[in-house]
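First residue of the sequence shown? That's 0 in numbering that gives the first Met the number 0, and the numbers climb one at a time after it.
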Amino acid sequence: MGFNVFRTILLVVLYKYASLHKYWLAYSYASVIDLALQLGIIFELARVVLKPTRTWVRDAGKMFSLCGVAGAGVAAAIAYFINPSSPSSLESWVEKGNLFSAMLTLELFASMLFASTRLGLLGTSHVMRLGQGWAIWAIADLIAEGAYSHFGSDWRGVALDYVRTFTYFGVTIYWMITLWRPEPKRRTLSSEMQAYLDGLHVQLQSELKHVTSIEKH
0 MGFNVFRTIL LVVLYKYASL HKYWLAYSYA SVIDLALQLG IIFELARVVL KPTRTWVRDA
60 GKMFSLCGVA GAGVAAAIAY FINPSSPSSL ESWVEKGNLF SAMLTLELFA SMLFASTRLG
120 LLGTSHVMRL GQGWAIWAIA DLIAEGAYSH FGSDWRGVAL DYVRTFTYFG VTIYWMITLW
180 RPEPKRRTLS SEMQAYLDGL HVQLQSELKH VTSIEKH
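And the structure:
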């Protein structure tokens, strides 16, 4: 949020007092930094959600990684082959980058929620509420960026910005309310029980591979 405030002030100053080229360079670099920050927050959310006992749930981490890599490839392919309406090559690549960022953000959140739900880790913690709210905003962001890429920024661009902005306001209010409410206490396991469950999981995986090998033969 602090970065967004700084970026907005910087872009306004450059838009008023600098050349258009410098403005677009600052906008492009700021978009890359913004994407890096978003990815960092997403992976931090996934680390907390998929590590309920301070150790990665093996299946959850693997599932999240596979879905994330596959989704990133699909998002990159769609963003690369799409034909934005902007005539300028710089604006075209900026639109491609924004569309990729929106798709990747939403896809990683979907992967995290899918992995946690499949393994029964979906809860009502503050971290999950942050992720759910951000996923709602990511949907609005993806719709806006998709419309920009297809119709151009002049096509009801102000209305699309309003939709994205008011969605963010609504999500922020949701976060304020849900973070104000006390978080449900987590049920924790002792270190001995956690070690026993980890060993049992490894043993079951080994026996499953052995049974699968016998069935193949």
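Backbone N, C-alpha and C fix where the C-beta goes; we use that ideal spot for every residue, glycine too. Quick caveat: nothing in here was measured; it's all calculated off a predicted structure.
- Spanning the alpha carbons of Val4 and Tyr16 requires a straight line of approximately 19 Å.
- Annotated as proximal: Ala134 and Leu112, with beta-carbon spacing under 9 Å.
- When only Cα atoms are considered, Trp174 and Gly132 end up about 7 Å apart.
- Between Tyr161 and Trp136, the CB-CB gap reaches or exceeds 9 Å.
- Taking C-beta atoms as the reference points, Phe99 and Ala74 count as a pair closer than 9 Å.
- Where Leu34 is concerned, the enclosing alpha helix (DSSP H) starts and stops at Leu19 to Val48.
- Judged by their CB atoms, Val12 and Val126 are not nearer to each other than the 9 Å cut-off.
- Listed in chain order, the non-local C-beta contacts of Ala29 below 6 Å within the same chain comprise Arg6, local neighbours out to five positions each way being set aside.
- The closest CA to that of Trp23, considering only Asp33, Gln202 and Leu10, is found on Leu10.
- Put simply, the backbone Cα of Arg128 is about 10 Å away from that of Ile176.
- The three-state reading of DSSP puts Met175 in helix, counting H, G and I together.
- Here Ser124 carries a coil assignment [DSSP, helix/strand/coil].
- If you compare the alpha carbons of Leu141, Ile172 and Ala45 with that of Ser124, the shortest gap goes to Ala45.
- At the C-beta level, Gly96 and Ala78 come within 9 Å of one another.
- Taking every protein chain shown into account, the CB of Ala139 has 16 or more other CB atoms within 10 angstroms, so this residue is buried.
- Boundaries for Arg180: no alpha helix (DSSP H) harbours it, and the DSSP string shows neither H nor E there.
- Put simply, of Ala101, Gly169 and Gln204 the residue whose alpha carbon is nearest the alpha carbon of Gly145 is Ala101.
- In the assembly as shown, Tyr147 is a buried residue. Its beta-carbon has 16 or more other beta-carbons within 10 Å.
- Taking each of Leu107, Gly169, Thr211 and Lys61 in turn and checking the Cα distance to Leu34, the smallest one comes out for Leu107.
- Residue state for Met0 is assigned as coil, using DSSP reduced to three classes.
- The beta carbon of Ser212 sits closer than 8 Å to none of the beta carbons in its chain outside the five residues before and after it.
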